[in-house]
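Note that the protein sequences, when read in sequence, are chains A and B. So the first sequence is numbered by the numbering used here: it starts at 83 and just counts up by one. So the second sequence is numbered by the numbering used here: it starts at 17 and just counts up by one. Cβ atoms here follow ideal geometry from the backbone N, Cα and C, with glycine treated the same way. For reference, the structure discussed in these notes is given below.
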Amino acid sequence: GQQLNQSPQSMFIQEGEDVSMNCTSSSIFNTWLWYKQDPGEGPVLLIALYKAGELTSNGRLTAQFGITRKDSFLNISASIPSDVGIYFCASYSGAGSYQLTFGKGTKLSVIP
Amino acid sequence: GAVVSQHPSRVICKSGTSVKIECRSLDFQATTMFWYRQFPKKSLMLMATSNEGSKATYEQGVEKDKFLINHASLTLSTLTVTSAHPEDSSFYICSALGGSGQPQHFGDGTRLSIL
């Protein structure tokens, strides 16, 4: 099946620093979704991207849909302690499918 | 925004017990809901797709007689773990699809512990 390669797997940053993580695939996708999961909770949708080249912001978060449609990145600016969590990229498993395929996640730790 | 409620949030029970988990879409109708299982430090693994008024579609390797899914209304899907054993202990998460082209919205998950 289609795989999403998410990196880095984990990262430790100082509060106030900017963060960047990305997802790549050998397959072309029509949608990229970025979710955040806090411990013991379900994922929460942060940003949805539907068009190649699209750049979308949600507060301090910015995500882009790669031109090749095979990648996406998520940036977090001026990180704060509550940014801690696991970030997942996701996309639909196939044309016309609403099933999601998830990346393996990026665990973010913010040092105050 | 779209809200999905999952209940219970945590359950501890003895081996051999059957456990039912509910997933409700609170402010929208969901013809399709999904059930995932997540192991510690791992990503979400799709177990099955639940369609209102029809049988669920299970992913390869998921026992449908073990994990019974019922989607009797447009706002409720249930997952019943039958005759649960310790290896069924996990974090189970549901999601609901708000409509064509809309992303999935997730519940808060159920931590199932089988003793």
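- The three-state secondary structure of residue 75 of chain B, taken from DSSP, is coil.
- Partner residues in the beta bridge of residue 154 of chain A, as assigned by DSSP, are A/105, A/147.
- Scanning chain A for C-beta atoms nearer than 8 angstroms to the C-beta of residue 59 of chain B yields 170, 184, 185, 186, 187, reported in chain order.
- Listed along the chain, the chain B residues whose CB falls inside 8 angstroms of the CB of residue 181 of chain A are 50, 62, 65.
- Burial is judged here by how many other beta carbons sit within 10 angstroms of a residue's own beta carbon; residue 146 of chain A has at least 16 and is buried.
- The segment 90–97 of chain B and the segment 162–179 of chain A do not touch, with fewer than 3 CB-CB distances between them shorter than 8 angstroms.
- Cα atoms of residue 28 of chain B and residue 78 of chain B: separation of roughly 22 angstroms, rounded to the nearest angstrom.
- For residue 26 of chain B, the uninterrupted beta strand (DSSP E) run begins and ends at 26–29, by DSSP.
- Counting along the chain, no beta strand (DSSP E) covers residue 112 of chain A, and no H or E run does either.
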